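Per the working numbering, residue 12 is the first one in the sequence shown, and the count goes up by one each step. C-beta: ideal position from N, C-alpha, C; glycine also. Small disclaimer: the values here were computed from a predicted structure and weren't measured. Reviewing the structure listed below.
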Amino acid sequence: MERTPKERLCWLLRLYKDKEIEAETFCDEFHMTYHYELNDEEVTETERVLFREIAAVAARFSPFEEDHQKYPGVYFTTEDVERVVRENSSELFT
């Protein structure tokens, strides 16, 4: 069954929260789905805001310590991804 972009974003969130995918895979897939497939009419204003916050972190995630050292404040860590997913997905799944 083909998922809509909104369903795919929720599915990715569940996979990540359940530790079935790593941060790098989650961020790549979430970023691509959010920016290139999601239609604004498909989501509510609240969902749009929550997805946008997650997508902003996902787009600038780097698993490489050297990126964080060389460019402080530019990239997000796995801990940042976990935080933004935890904070925003609780509202999406209530």
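Quick one: Cα of residue i to Cα of residue j, how far?
i	j	result
residue 60	residue 100	11 Å
residue 78	residue 34	16 Å
residue 38	residue 81	21 Å
residue 64	residue 13	25 Å
residue 56	residue 18	16 Å
Inspect the beta-carbon positions of residue i and residue j and report whether they are closer than 8 Å.
i	j	result
residue 103	residue 26	no
residue 16	residue 50	yes
residue 85	residue 71	yes
residue 69	residue 54	no
residue 20	residue 44	yes
Can you list, in chain order, the residues of its chain with a C-beta nearer than 7 Å to that of residue i? Leave out the 5 residues immediately preceding and following it.
i	result
residue 42	66, 69 and 70
residue 40	23
residue 28	96 and 100
Return the chain-ordered list of same chain residues with a C-beta closer than 6 Å to the C-beta of residue i, the five sequence neighbours on each side being excluded.
i	result
residue 89	34
Original post:
On the three-pair Cβ rule with 8 Å, is the segment 53-70 touching the segment 92-99?
Top reply: Flag = yes, the segment 53-70 and the segment 92-99 touch.
**OP:** Scan the segment 47-83 and note each continuous beta strand (DSSP E) run of 3 residues or more that stays entirely inside, going in chain order.
**Re:** Fully contained in the segment 47-83 is no beta strand (DSSP E) run of length 3 or more.
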